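In my numbering, the protein residues as written are 9 to 379.
Note that CB positions come from ideal geometry on N, CA and C, so glycine has one too.
Here the structure is a predicted model, which means the values were calculated and not measured.
Here is the structure we will look at.
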């Protein structure tokens, strides 16, 4: 249990006084804003009996430094008791990681502007998956491919969980319907402090990623649906790309490649306090980086399961790798226990290169925030 001896100090060090926080829409207009998220997950391979207990603790803080500007810091700790329950390619749990008591994942400066065109620019250490891929619908599922499509994360070093990379990220919203994102990162990622703060395109390569999001108006209808804020899902259409040059593992020479993807979050209809939504994504790779050659996923989601909320989802994720193919069918549901905690069971049926495995997950999520 030495892992938990590290978690408590990290938890305490990242908590500023809640009284210092201000409740505003913009992060950079709050004097101090903090959050702590804890996830504990049991994993059981129903086919051969293997079991694992995985834990994640993440924390972050934003401190206003000037008008429209703030300093941001974030870190996480990961640990597990047991071994991997399945030899899959996509990774059925998006919190799986090696035991590490401390990983710095976010450290930099951000400046916002709020004029006719809204947006912000950020420079420093960052993770790309906090800005891309993880739409409202995709966020429900526990499979890793929903949080970062394989043709991006498996071919290009982007700095996705649990690693991070040094770079610059910018977002521009010319209207409420359109959002443009662009990032440029060092081509090698790490979770070690002595290698994270480097920008060496000549030796490490470079990674660029960007997306365009269109969010059309959608008005929920039906009893209790007078406000869009009551709806868990809003329509979003995303087109994105990733490109870069990475060092070849055998020769050390830089090799170029990338990938493209598109995704859809689309509410279909609602009845009283529930809404049925469709999620779909797909893409392919280009260039010589082809560890992951393509991917598609689709799912249906139904929110408003209980009086406290909750969402039910069924999804299929199919990935094409140079070493084979894999299909992951997932059924999951979030069950709120209170405002800051929820329970999430999930069932995965994974078929990898002709072999099928059934895995059950039970996840407890606790989210605390000061604003």
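- residue 191 lies in the beta strand (DSSP E); which residues open and close that run? 186-194
- Compute the beta-carbon to beta-carbon distance between residue 173 and residue 129, rounded to the nearest angstrom, for a pair I have assumed lies under 8 Å. Between residue 129 and residue 173 the Cβ distance is about 17 Å, and since that is not below 8 Å, they are no contact.
- Is DSSP giving residue 117 helix, strand or coil here? strand
- Item | Buried or exposed by the 16-neighbour rule on C-beta atoms within 10 Å, applied to residue 283 | buried
- DSSP state of residue 375 mapped onto helix, strand, coil: strand
- Query: Helix or strand or just coil, what does DSSP make of residue 179?
  - Reply: strand
- Item | Residue environment, residue 296, which counts as buried when at least 16 other CB atoms sit within 10 Å | exposed
- Message: Check whether the segment 83-103 and the segment 116-130 are in contact - that is, three or more C-beta pairs closer than 8 Å.
- Response: no
- Query: Between the C-alpha atoms of residue 366 and residue 340, what's the straight-line distance to the nearest angstrom?
  - Reply: 14 Å
- Are residue 146 and residue 140 touching if we call contact CB-CB under 7 Å? no
- With distances taken from CA atoms, which of 116, 115, 89 and 113 is nearest residue 104? 89
- Could you name the residues of the same chain whose beta carbon sits closer than 7 Å to that of residue 76, not counting the 5 residues immediately before and after it, in chain order? 36, 119, 120 and 121
- Go ahead and label residue 242 buried or exposed: buried means 16 or more other beta carbons lie within 10 angstroms of its beta carbon, across all protein chains shown. buried
- Terminal residues of the alpha helix (DSSP H) in which residue 204 lies: 201-204
- Does the beta-carbon of residue 348 have 16 or more other beta-carbons within 10 angstroms, so that it is buried, or is it exposed? exposed
- Which two residues bound the contiguous alpha helix (DSSP H) that contains residue 160? 158-161
- Query: How is residue 130 classed by DSSP in three states: helix, strand or coil?
  - Reply: strand
- Message: Tell me which residue opens and which closes the beta strand (DSSP E) that residue 169 is part of.
- Response: Where residue 169 is concerned, there is no enclosing beta strand (DSSP E), given that its DSSP letter is neither H nor E.
- Beta carbon of residue 252, beta carbon of residue 267: below 7 Å? no
- Among all the DSSP beta bridges, which residues are the ones paired with residue 248? 219 and 269
- Query: Taking the alpha-carbon positions, what's the residue 200 to residue 131 distance?
  - Reply: 19 Å
- Indicate whether residue 160 and residue 250 have their beta-carbon atoms separated by less than 7 Å. yes
- Query: Skipping 5 residues on each side, what residues in its chain have a beta carbon closer than 8 Å to that of residue 324?
  - Reply: 305, 306, 307, 335, 336, 337 and 338
- Message: Determine whether the beta carbon atoms of residue 309 and residue 321 lie at a separation below 7 Å.
- Response: yes
- Query: DSSP puts residue 80 in a beta bridge; with which residues?
  - Reply: 70 and 116
- Do the CB positions of residue 312 and residue 52 come within less than 7 Å of each other? no
- Between residue 288 and residue 275, is the Cβ-Cβ spacing less than 7 Å? no
- Quick one: is residue 170 buried, meaning 16 or more other Cβ sit within 10 Å of its Cβ, or exposed? buried
- Message: Can you list, in chain order, the residues of its chain with a C-beta nearer than 7 Å to that of residue 226? Leave out the 5 residues immediately preceding and following it.
- Response: 242, 243 and 275
- Message: Looking at the secondary structure, which residues open and close the alpha helix (DSSP H) in which residue 153 lies?
- Response: 152-155
- Message: Tell me which residue opens and which closes the alpha helix (DSSP H) that residue 224 is part of.
- Response: Residue 224 -> no alpha helix (DSSP H), and no H or E assigned at all.
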